[in-house]
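Student:
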Amino acid sequence: MRRMPARGRVLGIDVGERRVGLAVSDPTQTLARPLTTLTVNGGAAAVNGVMREIDRLGAEDDGLAVIAVGLPTQLDGSPNSQTTRVLAFIAALTGRTALPIVRVDERLSSHEAESRLALRERDWRRRKARLDAAAAAVILQDYLDHEAGMSGGSSGSGG
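So the sequence shown is numbered by this note's numbering: it starts at 542 and just counts up by one.
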């Protein structure tokens with residue numbers, strides 16, 4: 542992982558086949574919150590939808606400093622069936638933005654997001670609708686905590 546610039550928010554992305562979850566940090570790069578879920582029909586649609594959000598967030602006062610994309614792997618860290626697709630998404634996004642893009646280990650992020658949502662929301666349909674953005678927030682928070690620990694801040698769960 543690369544160091545975070547001192548200013549601006551971080552955008553967290555959880556890339557799925559049909560949905561892309563987005564989360565954003567606060568300007569101090571301390572806390573992640575779910576932002577939205579985009580429904581997509583393939584790689585180009587995913588990149589286009591994410592670029593619209595990047596442009597929108599970048600135009601706001603706090604802007605964006607970094608993009609953190611969850612990279613799916615097996616539990617042992619080896620590539621899985623989704624790794625290649627997400628790497629292609631990252632490559633396409635890299636060609637469309639000057640913002641630095643970092644890869645974040647996303648093992649078990651969806652499971653953790655589901656567990657957290659289940660505590661507050663009993664209806665599985667409502668949980669499912671919010672799961673991808675919640676998973677993006679878990680990925681982003683792991684990244685923020687890892688970076689805070691690397692810079693001598695509070696220790697986090699790492700990512």
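Virtual Cβ for every residue (Gly too), placed ideally from N, Cα, C.
Note that the structure is predicted; figures quoted are calculated from it, not measured.
1. Return yes when the Cβ of Val645 is within less than 9 Å of the Cβ of Arg684, no when it is not.
2. How is the alpha helix (DSSP H) around Leu564 delimited, first residue to last?
3. How many angstroms separate the CA atom of Thr578 from the CA atom of Leu616?
4. Looking at the structure shown, is Asp555 part of a helix, part of a strand, or coil, going by DSSP?
5. Hey, does Asp555 have any beta-carbon neighbour from chain D nearer than 9 Å?
6. Where do the N-terminal and C-terminal ends of the alpha helix (DSSP H) with Thr733 fall, by residue?
7. Using only the alpha-carbon positions, how far apart do Arg637 and Asp596 sit?
8. With 16 as the cutoff for other CB atoms within 10 Å, does Glu601 come out buried or exposed?
Tutor: Checking against the coordinates, here is how it stands:
1. For the purposes of this step, residue 684 is taken as residue 143 along the sequence shown, with counting starting at 1. For the purposes of this step, residue 645 is taken as residue 104 along the sequence shown, with counting starting at 1. Rather than Arg, the amino acid found at residue 684 in this sequence is Tyr. Yes, these two residues count as a Cβ contact at 9 Å.
2. Taking the first residue of the sequence shown as position 1, residue 564 is located at position 23. Here residue 564 is Ala; the residue named in the question, Leu, does not match the sequence. No alpha helix (DSSP H) holds Ala564; the beta strand (DSSP E) holding it covers 560-566.
3. Against the sequence shown, residue 578 aligns to sequence position 37. Against the sequence shown, residue 616 aligns to sequence position 75. Spanning the two alpha carbons is a distance of roughly 25 Å.
4. By 1-based counting over the sequence shown, the position of residue 555 is 14. Residue state, collapsed to three classes: strand.
5. The structure shown contains no chain D, having only a single protein chain.
6. Residue 733 lies beyond the range of the chain shown here (542 to 700); nothing can be said about it.
7. The count along the sequence shown starts at 1 and reaches residue 637 at position 96. The count along the sequence shown starts at 1 and reaches residue 596 at position 55. Roughly 11 Å separates the two Cα atoms.
8. Taking the sequence shown and counting its residues from 1, the one referred to as residue 601 is at position 60. By the neighbour-count criterion, in which 16 or more other beta carbons inside 10 Å mark a residue as buried, Glu601 falls on the exposed side.
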